Each structure stands twice: as C-alpha cells, then as structure tokens.
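S.K.:
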Amino acid sequence: GAQRRLQLPGQVEVGLVSAAGALYTVEAWVRLSTLIPLERVGGEIVGQHADGTDAKGTLDILGGRLRFLINTRETEAWHHELLSDRPVPLGVWTHVAGVYDGQYMRLYIDGRPAGELPVRGTIVAYNKRRSTRIGGYAGTDTGHYWFTGDIDEVRLWAWPRTAEQLQADRLHPLVAQPGLIGYWRFAEGSGDRTADGSNNGHEGRLTNYEGSGRPEWVTGVFAQIDTAARDPAPRLFLDLDPAAGDQGQRQ
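All residue numbers for the sequence shown refer to the numbering used here, where the first residue is 49 and numbers rise by one.
1) Need the endpoints of the beta strand (DSSP E) that residue 75 sits in, please.
2) Taking a contact to mean a Cβ-Cβ separation below 8 Å, would you say residue 126 touches residue 100 in this structure?
3) Which class does residue 209 belong to by DSSP, given the choice of helix, strand or coil?
4) Exposed or buried, what is residue 220 when buried is set at 16 or more other beta-carbons lying within 10 Å of its beta-carbon?
5) Touching or not, the segment 215-230 and the segment 242-252, by the rule of three or more beta carbon pairs under 8 Å?
6) How about residue 73 and residue 166: are their beta carbons less than 8 Å apart?
7) Where does residue 269 fall in DSSP's three states?
8) Per the DSSP calculation, residue 180 is bridged to which residue(s)?
9) Could you pull out every residue in the same chain whose Cβ sits closer than 7 Å to the Cβ of residue 218, ignoring the five residues on either side in sequence?
10) Could you check whether residue 120 and residue 170 sit closer than 8 Å to each other, using their CB atoms as the reference points?
11) Which residues in the same chain as residue 6 place their Cβ atom closer than 6 Å to its Cβ, once the five residues preceding and following it in sequence are excluded?
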C-alpha cells in the first residue's frame with residue numbers, strides 16, 4: 049500500500065533531554081538533500097541550544113559539514129564548536145555522531161573519526177531551550193536552522209560511545225538500556241507522535257513550528273541500506289527531502 053511520509057522542514061519536539069556531567073553522545077542516520085548546493089547545506093539534526101550560552105550537545109550541519117556544539121562550566125560565556133574535517137555526502141544515508149568525554153569533543157561520520165577538539169569541564173546546567181528538537185532549532189529564531197533531508201534512528205546517551213560501539217550498533221535497532229537517555233525510531237507510520245525507545249518518557253511531537261512544514265512518514269534507513277543486520281520489519285524515518293526518492297547506502 050501507499051507509504052506515509054514525514055516531509056520537512058519541520059521538527060519533532062521531544063521535551064528537555066540532557067546528560068548531566070561531562071559524558072554525552074548524540075548519533076543519527078541522515079540523508080542530506082541534493083537540492084541545495086553543498087556549501088549552503090545546513091540545519092539542525094538534534095537542536096540542543098537556544099544561543100551560545102546553553103549548548104548541551106547540538107549536532108547540526110553547517111556549510112555541508114557536521115558540527116557539534118557544547119558549553120562547559122569552564123567557558124560558560126560561549127559554546128565550543130567542532131566542525132568535521134570533511135563534508136557529509138549528499139543524497140545518501142550516512143551515520144553521524146558527536147561525542148564528549150570531559151576531555152575531548154569528537155565527531156564521527158559512518159563510524160570513522162572526523163575531527164576532535166580538546167575541551168574540559170562539565171556540560172552547563174543553564175538552560176534557555178524550549179525543548180530538545182529533532183530537525184529544528186531549540187531557540188526562537190526560524191528560517192535557515194531547519195534541516196533539509198532525512199533523519200532516522202536518533203539516539204542520545206549519557207556517556208561517550210567509542211568508534212567501535214558506534215560502528216557495531218549503527219546498522220541495527222537497539223533496546224532500552226543503561227545510559228540511553230533518548231531514542232526515536234520513527235516507526236509509527238502515522239499520526240503526530242513518536243515513541244521514545246529509551247523508556248524515559250520523551251515522546252516526540254511532530255510540529256509545524258512557525259510554518260516550517262510538517263513531516264511525512266516514509267520507509268526508513270534499515271529498509272534501504274544494504275546490511276545483513278537490517279530490521280526485518282517495515283521501518284520509517286523523518287523525510288525532509290521526499291523529492292529525492294529512495295537511495296541505498298553508498299559503499
């Protein structure tokens with residue numbers, strides 16, 4: 049039958065999800081739109097800040113590159129910013145992650161290191177966010193912050209995941225477990241809610257904030273990429289670029 053879609057720009061609001069202390073990981077599968085020139089590709093994957101003073105682990109795209117933002121108590125006035133050493137490819141499913149272990153911020157693209165920055169201190173408790181947002185900005189501005197592309201399998205952790213863990217787990221779904229503080233699989237297929245698979249109660253609400261658009265439901269990443277560990281059940285994801293159609297993982 050016809051598949052439902054989540055067409056973005058738009059966003060999923062999941063409440064305030066934060067990791068206390070100095071340990072944090074954010075990861076997701078993304079497929080960037082091919083309709084925007086690489087140097088102009090941008091937008092929030094997981095929005096975790098309202099301005100430069102309260103960044104709690106935002107992962108976004110800036111100028112086609114992966115970016116990771118964190119404020120620590122040693123530098124509360126402004127966030128630390130880490131950009132990936134290479135662009136995120138357009139039009140193909142790519143796994144991305146940002147990790148903080150209290151000493152370094154690190155980025156990974158498809159499980160491979162993509163940059164690191166020495167940073168010390170615990171993540172600030174100060175908060176100006178309206179909520180943690182998937183595909184949208186956690187502050188009050190609108191426009192260029194909206195992600196353009198597709199997002200699936202968003203996971204937030206209260207500890208730093210290693211490259212080996214990211215590689216081992218990126219190709220299959222997870223179950224609730226210690227340290228997993230937020231997990232959105234987008235498996236519902238209809239409606240305006242999506243469950244938190246971490247069992248921490250951070251249900252997602254699909255929104256059309258400031259006229260940004262409402263997502264549509266489509267077939268998800270594990271049904272499209274070539275992996276023996278794919279989920280045998282039909283899967284769904286957030287589609288911000290429905291015009292691109294289905295495309296498998298680039299090898």
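Beta carbons: idealized from backbone N, C-alpha and C, even for Gly.
Bear in mind the structure is a predicted one, so any value in this text is a computation, not a measurement.
M.R.: So, from the listed chains and residues:
1) Translated into the one-based positions of the sequence shown, residue 75 becomes position 27. Note, residue 75: beta strand (DSSP E), 72-80.
2) In the sequence shown, counting from the first residue as 1, residue 126 sits at position 78. In the sequence shown, counting from the first residue as 1, residue 100 sits at position 52. Yes.
3) The residue labelled residue 209 in the question sits at position 161 within the sequence shown. Residue 209: coil per DSSP, three-state reduction.
4) If you number the sequence shown from 1, residue 220 lands on position 172. Classification for residue 220: exposed.
5) yes
6) Translated into positions along the sequence shown, residue 73 becomes position 25. Translated into positions along the sequence shown, residue 166 becomes position 118. Result no, Cβ atoms of residue 73 and residue 166 do not sit closer than 8 Å.
7) Within the sequence shown, residue 269 is the residue found at index 221, counting from 1. Reduced to three states, the DSSP call for residue 269 is helix.
8) Residue mapping note: residue 180 aligns to position 132 of the sequence shown, counting from 1. Per DSSP, none; premise fails for residue 180.
9) The residue labelled residue 218 in the question sits at position 170 within the sequence shown. Same-chain partners within the cutoff: 143, 159.
10) One-based indexing of the sequence shown puts residue 170 at position 122. One-based indexing of the sequence shown puts residue 120 at position 72. Closer than 8 Å, so yes.
11) This structure leaves residue 6 out entirely; the chain is present only between 49 and 299.
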